[in-house]
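Numbering (the numbering used here), first residue to last: 323 to 525.
Worksheet for the structure shown next.
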Ligand SMILES: Cc1cc2nc3c(=O)[nH]c(=O)nc-3n(C[C@H](O)[C@H](O)[C@H](O)COP(=O)(O)O)c2cc1C
């Protein structure tokens, strides 16, 4: 078993997603002593943005490819191969302005590659990364679990949608929220309980 752990909080000290995603990974390792882990920090080592070179490399004809376009595609390939190698992905992703952090969106944009991680056939789009489990550790200041917050929640539907587009439909959200020290303490407790429940339910 191999686990890919991604962090995307811009902060290191006090980050709920970093703390809880690390807790998940440590508990997973205790349960899978032979398991291996790759850690990627997209806040510290931010993936490229989609560029002209990348578009040329992915969509352009072979004769249009350049050294730069090949390099741009190879940078994506590194990230895609990390996903392909994983049975389980643990994604630590804060809520920034009702969506995911830009660094994490950059990672998504690098991993979504036509003909590589998704394809279209006569039945429409087909994700090529099936057979993986994803655990998203989400944190926010306010509670996005209420019906009233749904119209402004672009994070949950987006992430579930784009992962499904890639063929990843086994997606679990461990969502915590809080602003005050008391709320954050409660968020850590809630997250720990959810992590234990997730791992005891998993095969
Ligand atoms: C730039 C920025 C934007 C944020 N936007 C939102 C938001 O739209 N909704 C919300 O409830 N909380 C928002 N927050 C609060 C964070 O989601 C919350 O503090 C979360 O715990 C951050 O993740 P971390 O603890 O892993 O760093 C924002 C925080 C920052 C720094």
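Even glycine gets a Cβ: it sits at the ideal position worked out from N, Cα and C.
Asked: Which residues DSSP lists as bridging residue 381, in chain order; Found: DSSP lists no partner for residue 381.
Asked: 7 Å Cβ cutoff met for residue 487 and residue 449; Found: yes
Asked: Among 493, 454 and 499, the one whose alpha carbon lies nearest that of residue 512; Found: 499
Asked: Range of the contiguous beta strand (DSSP E) that encloses residue 449; Found: 446-449
Asked: Touching by the beta-carbon criterion (3+ pairs, under 8 Å), the region 502-509 and the region 464-474; Found: no
Asked: Residue 416 vs residue 343 beta-carbon contact at 7 Å; Found: no
Asked: Nearest to residue 410 (by Cα), restricted to the options 341, 463, 381 and 451; Found: 451
Asked: For residue 494: DSSP bridge partner residues; Found: 457
Asked: Where residue 488 sits in the DSSP three-state scheme; Found: coil
Asked: Sub-7 Å separation of residue 379 and residue 405 beta-carbons; Found: no
Asked: Exposed unless 16 or more other CB atoms sit within 10 angstroms - verdict on residue 435; Found: buried
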